[in-house]
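Report on the following structure.
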Amino acid sequence: MSIKKLILLALALPIHVHANIFFIKGNTVNDTDVDNAAIYFNAGIDPQTVAWLLSSIDEINGNYRNIQNIDIYLNSGGGDMDSGYMAYEALRKNPTKLNMINASNVASSATIIYCASNQRYAMPMASFLLHPAAAANEINDYLKPDQAQRILDDAEKYNSLFRTIYSSCTKIPAEELKAITSSESRRATYNIENAKKVGLVNQDMKQPATYPVTYYITDMQN
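With mature numbering (1 follows the signal peptide of the UniProt record, and there is no 0) as the guide, the letters of the sequence shown map in order to residues -19 to -1, 1 to 203.
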C-alpha cells in the first residue's frame, strides 16, 4: 500500500490507541448499526494481553447493543497457562457469539483460548501446536526430592487441564492426548486439514470480511 493510500485511510477512519490496543471505526457507522466486529490478537498469552482481549470484548458488547458476532483472529505462540484458562472460562460464557479464527499460528496455551468457542475456523496456511505444559523452577538451584516433585505436580496440573479442554473440543483419543501432554517428543502439530480431522477446526474456511469496528491487540513494545 502506498504512503498516499495510508494517509487517506488515516483520514477516513478514526484510529484510537489504548495501551497496545488499536481501535478503528468507520466515521459513517452508527453504533446501533454495528452487528459484527473483529479483534486481531497478535500476542503472547499473559495477564496483560488477556486483560486487553477481555476488555475489548466487553467494550464491544457495551458500546454496540445490536452486536451479534465477534470474529477473533488469533496468532499466538502461547504463554501463561493460568491466563489462558481464565480467558477460556470468560470467553465461553460470553453472551455474544464468538468465532475463533487461527490467523497463522495457535500454539500451547493459546489453544485453550481457541477452544473457548464452538465456531472454530483457520486460515489456509495456519498451524496448531499441542504439547506438554512446562512448570517453572523458581529456585534456580539444586533441587531436593520434594521440590522436584512439586514442579512435576504443577506440570501435571496444567497437562490435566490441557487434556480436559482438548477432550471437549477435539476427537483426539484419550490415550493420544495423554501421550501428547507427557513428552515434548510426542508434541502434535496440525495443518488445517489434519486439524479438521481431529475436530479442532470445525468450520469451513473463513471468508474475507470487512468490519465496521476492528480492534488490534499486540504485545509489541514501542
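Positions of the beta carbon are idealized from the N, C-alpha and C atoms, including for glycine.
Item to complete: Determine the contact status of Ile82 and Ile53, defining contact as a CB-CB distance below 8 angstroms.
Response: Taking 8 angstroms as the Cβ cut-off, Ile82 and Ile53 qualify as a contacting pair.
Practice prompt. Indicate the three-state DSSP secondary structure (helix, strand or coil) for Gly60 in the structure shown.
Written response: strand
Practice prompt. For Ala190, collect the residues of the same chain with a Cβ closer than 8 angstroms to its Cβ; drop the 5 residues on either side in sequence, then sort them by chain order.
Written response: Only Asn17, Ala19, Asp52 meet the Cβ criterion.
Worksheet item: What are the uninterrupted segments assigned as alpha helix (DSSP H) that are 4 or more residues long and contained completely in the region 22 to 96, given in chain order?
Response: 28 to 44, 62 to 73, 91 to 95
Worksheet item: Is it true that the region 125 to 132 meets the region 165 to 173, where meeting means three or more beta-carbon pairs spaced less than 8 angstroms apart?
Response: no
Discussion item. Give me the DSSP bridge partner(s) of Thr199.
Written reply: Asn23
Item to complete: Would you check if there are 3 or more beta carbon pairs closer than 8 angstroms linking the region 26 to 44 to the region 103 to 122?
Response: no
Worksheet item: What residues match up with Tyr102 in a beta bridge as DSSP calls it?
Response: DSSP, once it has assigned bridges, lists Ile82 as partnering Tyr102.
Practice prompt. Return the first residue and the last residue of the alpha helix (DSSP H) that Ala160 is part of.
Written response: 155 to 161
Worksheet entry | Short Cβ contact (8 angstroms threshold) for Lys152 with Val182 | Pairing Lys152 with Val182 gives a Cβ-Cβ distance that is not under 8 angstroms.
Worksheet item: Is there contact between the region 91 to 107 and the region 64 to 79, where contact requires at least three CB pairs shorter than 8 angstroms?
Response: yes
Fill in: First through last residue of the alpha helix (DSSP H) which encompasses Lys177
Taken as a continuous stretch (DSSP letters only), the alpha helix (DSSP H) holding Lys177 covers 173 to 178.
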